[in-house]
Every structure is written in C-alpha cells, then in structure tokens.
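Worksheet: one structure, shown below.
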Amino acid sequence: MMRFVISAAGVGSRLGMDMPKCLLPIGEARLIDYQLAVLPPGSDVRIVVGFREQEVMAHVAQRWPDVTFVRNPAYASTSNTHSLYLASQNIAGPYAAIDGDLIIGQEGFDRFIERCRTSTTSIVGVVPRGTEEAVGAVVADGSVVAFARPGTPEQADCVFEWCGIAYVSGVELSSNRRFVFEELSRHLPLPAFEIPCLEIDTPQDLRRAVEEIRLGRMRLPALP
Amino acid sequence: MSTAFCFDLDGTLTARELLPAIAAETGLVAEIEALTMATINGVLPFESSFRLRCRLLADVPISRVHAIVSGLPLFQDIIAFIQARPQSCYVITGNLDAWVSGLLARIGVPFFASQAATDGDRLLGVTSVLDKGAAVQRVRADHARIVAVGDGVGDMAMFENADLRIAYAGLHPPVPMLVASADMVCTSQVALVRALEALP
C-alpha cells in the first residue's frame with residue numbers, strides 16, 4: 390500500500406487570505422480535495438494539520454473519512470519539515486511527501502506513482518523552473534545532483550526546480566532542518582521525476598492556476 | 231521495542247455506547263442518553279455520572295446485560311487488528327467488569343475495567359471506578375511503548391500516560407480536549423487500522 394503525507398499545517402501568509410491554504414476554493418471543491426483525488430484509492434494518507442485544524446479536519450473527513458490527521462500544534466513556529474518529521478515518525482517504510490499548496494496533474498502523478506512502486510531510493514519531484522524564488526534542482530543524467538537556493542547564480546542556471554513532492558525512502562528526517570530539500574540534499578544524487586503541478590503561494594500564483602485550469606493546460610483530477 | 235495498544239471500549243470498539251443500549255431495557259433511555267452525552271462532553275465528571283447511571287440500570291439482570299452487550303455492533307476492522315496481536319492489545323474501559331467481561335473474553339483481549347459488587351444475577355453497586363492512567367502504567371510494566379486510542383474525556387488519563395495518542399471518531403467526534411492532546415486523529419476504523427499497522 391502506498392503511503393502519502395500531505396503537509397497542510399501552515400498559515401499561508403503570502404496568499405493574504407484568512408484561511409488555511411488547503412481550503413482554498415478551487416473548481417468545485419477545495420485545494421485539499423484535488424490533492425486527495427489525485428492519490429491512488431485505498432492509499433494510507435496522512436494530512437499534517439495545524440492552522441485552524443478543526444476546520445481542515447471537519448472539511449476533509451466529510452468526503453475522505455479514511456484519511457489520518459497528524460497534529461502539528463507548533464505549526465506557527467515550525468516549518469513543513471517539522472510537519473513531515475512528525476508524520477514520518479509513525480510510518481515504517483517509504484512514503485511520498487506532498488506540499489499542501491500544490492495543484493497536481495493526474496497523468497503525470499500516476500507515472501510518478503508507478504515509478505515509486507519499483508524504486509529502492511528516494512525520488513525528487515521537479516518541474517521546469519518558473520521563478521527566481523524557487524529552489525533550483527540541478528539535474529544530470531536524470532538525477533538531481535544539487536539543489537540551488539533562490540537568488541544564487543546556480544539557481545538562475547537551473548532548468549528545473551524542486552516541486553514540493555518527493556518519494557522518501559531510506560531517508561530519516563530530523564526536525565531541526567528548515568526545508569525538506571535540505572534534508573534530501575544530504576542523499577544526492579537521487580532520481581529526478583517531472584511532475585506537472587502548480588504551487589499556490591501568492592495571489593498571482595492562484596490567478597495563474599485558475600487560468601491554467603480554465604485553458605485546460607492543467608487538468609484537475611476527478612472528484613469521487 | 232514492544233508496543234502495547236490500549237483501546238477504550240465504548241464508541242471505540244463498540245459502534246454503539248453500552249449504557250444507552252442497556253437503558254433501552256428500562257424505560258430510562260432519555261435520562262441515560264442525557265447523562266452519557268453530558269459525560270462525553272465533559273459537562274459531568276465521569277465517575278459521578280457513571281455511578282449514577284449504574285444505579286439507574288442496576289435493576290437490569292446481569293445476564294440480560296450480557297445478552298445486550300453481545301448484540302452490540304463492533305468496529306470489526308479494529309477487532310481483527312486486536313485479535314491478530316493478542317500479546318500486545320488491551321482494553322481499558324471505565325465500564326463495569328460484570329457487564330463487559332463476556333464480550334471482551336469472546337474478543338480474547340485482556341482488559342482493565344471498573345469493578346462492581348454482584349449477587350448472582352443482580353448488580354449491587356459500583357465498588358471502584360477504573361483509573362485509566364494507572365491501568366496504562368500497569369501495561370507499561372511489560373511494554374516499552376504505549377499507543378492509546380480513545381474518544382472521550384475519560385480517555386484523557388490514558389493519553390497522559392501514553393507515548394502515542396490517537397483520538398478516534400468512530401461513533402462520534404472525539405471531545406475537543408482529547409483532540410487537543412492527540413498526536414493523530416482518525417475518523418474511520420479503516421484509517422485507524424492503517425495508522426496502527428504502519429507504526430515502526
């Protein structure tokens with residue numbers, strides 16, 4: 390059985406909306422609904438909750454009763470690495486980690502899952518580099534060989550960026566690193582896998598995502 | 231590392247609360263229901279509410295209670311998890327041993343329960359209400375890690391003595407106090423069993 394951890398504890402302050410990012414209205418539902426819809430049915434799914442956890446749990450449990458919620462009460466002062474750490478402590482074996490602010494394309498994600506099923510190592514999800522604010526991924530021969538921090542010359546040269554999705558196998562997380570990519574960077578090189586997805590950090594990101602969906606360039610998964 | 235799994239009974243293993251089911255025999259359904267909900271919601275302390283409810287239900291013959299308890303719907307996935315791990319699962323219930331022993335013996339799980347004085351088929355009264363925290367500590371003597379699963383205020387003492395706390399919304403949402411001290415929240419038995427089976 391595949392296991393997934395979605396980190397959805399944060400405040401999402403850059404979006405400027407007074408709600409958890411995972412509850413953003415998208416299409417006919419909320420962002421978190423489309424994240425859950427993209428996963429293979431029957432998976433073991435953990436959502437790390439923090440900011441307004443009761444609202445998130447109440448919304449998710451209605452449509453997705455078989456999800457487990459992992460609480461991160463220190464969400465305001467910790468990063469999503471800590472959220473992932475909390476969830477990973479109670480999972481023996483590999484899992485896929487997914488940032489809670491992504492709109493994910495079904496077909497590409499299905500291919501990623503197929504790859505995960507036969508992989509003995511972690512896999513780093515990437516997308517073509519979009520902005521200077523992203524964490525760059527230096528890819529050589531299909532593997533991520535280095536990450537490049539935003540604002541560096543190395544980042545500007547990157548063709549790909551880290552997309553916020555990873556298959557985590559044989560990597561023990563610690564709670565004191567700020568970012569998941571820093572944790573993964575200690576295990577490079579790791580296979581890179583391109584997963585079509587859009588990150589929603591800012592109002593501009595949201596507008597762009599809505600437009601991509603409207604134009605059919607990003608196809609939302611079907612809701613059950 | 232050996233892990234012990236400690237489960238509450240009412241609403242965690244049974245898909246219906248026991249005392250309201252017994253109350254159906256007595257014509258005191260509304261009264262018991264009100265007391266049960268007040269207890270679940272933390273309005274009434276468990277011990278005084280439980281003693282009161284047992285007093286109200288004391289006229290029901292013990293054999294009849296066993297028959298009622300035997301007919302209660304159970305969360306079968308969780309029962310299967312327990313039965314697959316007879317050395318590491320425990321039920322820790324505030325309910326009376328005289329009422330629940332038959333059911334728990336059939337499941338085949340060791341348990342800690344409140345104690346009652348009986349005379350044949352008659353319940354004389356509650357002699358001691360279980361301290362769930364103390365029960366967990368007794369389990370700890372044989373296990374390195376304690377995982378606690380519950381849904382009500384009565385399970386707080388179990389949570390306070392556990393290493394991993396799971397609030398379970400099987401029959402009703404777990405009380406907010408329990409959620410606030412939980413590490414994980416499961417809203418179905420499918421989720422709960424997956425979470426338990428995935429533990430390192």
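These protein sequences, in sequence, are chains A and B. With the first letter of the first sequence counted as 1, position 192 gets the number 581 in my numbering; the numbers rise by one all the way through. With the first letter of the second sequence counted as 1, position 100 gets the number 330 in my numbering; the numbers rise by one all the way through. Note that CB positions come from ideal geometry on N, CA and C, so glycine has one too.
- A distance of 8 angstroms or more separates the beta carbons of arginine 504 (chain A) and phenylalanine 440 (chain A).
- For methionine 407 (chain B), the uninterrupted alpha helix (DSSP H) run begins and ends at 406-410, by DSSP.
- For valine 400 (chain A), the closest of A:Tyr423, A:Pro613, A:Ser466 by C-alpha to C-alpha distance is A:Ser466.
- Scanning chain B for C-beta atoms nearer than 9 angstroms to the C-beta of threonine 470 (chain A) yields nothing, as the closest lies near 17 angstroms away.
- When DSSP assignments are scanned along the region 260-323 of chain B, no uninterrupted stretch of beta strand (DSSP E) that is 3 or more residues long falls wholly within it.
- Nearest C-alpha to aspartate 455 (chain A) among B:Gly324, B:Ala297, B:Ala399: B:Ala399.
- Secondary structure at phenylalanine 568 (chain A): coil, using DSSP grouped into helix, strand and coil.
- Boundaries of the beta strand (DSSP E) around tyrosine 398 (chain B): 394-398.
- At a beta-carbon threshold of 7 angstroms, the residues of chain B lying near aspartate 455 (chain A) are Ser418, Val420, Ala421, ordered along the chain.
- Ranked by Cα distance from alanine 545 (chain A), the first of A:Val524, A:Val533, A:Gly605 is A:Val524.
- With respect to the C-alpha of arginine 608 (chain A), the residue from A:Gln593, A:Pro585, A:Asp594, A:Pro592 having the closest C-alpha is A:Pro585.
- Neighbourhood of aspartate 327 (chain B) in chain A, by CB distance below 9 angstroms: empty, with the nearest CB roughly 32 angstroms away.
- In the structure shown, the three-state DSSP call for glutamine 345 (chain B) is strand.
- Out of A:Val557, A:Ala555, A:Val534, the CA that lies nearest to the CA of valine 548 (chain A) is found in A:Val534.
- Nearest CB-CB separation between valine 415 (chain B) and chain A: below the 8 angstroms threshold.
- In the DSSP assignment, the residues bridged to proline 580 (chain A) are A:Ser532.
- DSSP, reduced to helix, strand and coil, places leucine 422 (chain B) within a helical segment of the structure shown.
- With contacts defined by Cβ atoms closer than 8 angstroms, threonine 457 (chain A) and methionine 414 (chain B) form a contacting pair.
- Bridge pairing for proline 454 (chain A): absent [DSSP].
- Excluding the 5 residues flanking it on each side, isoleucine 270 (chain B) has same chain C-beta neighbours closer than 6 angstroms at Gly382, in chain order.
- At a cut-off of 8 angstroms between beta carbons, alanine 245 (chain B) makes no contact with chain A.
- Neighbours of phenylalanine 458 (chain A) across chain B, judged by C-beta separation under 7 angstroms: Met414, Val415.
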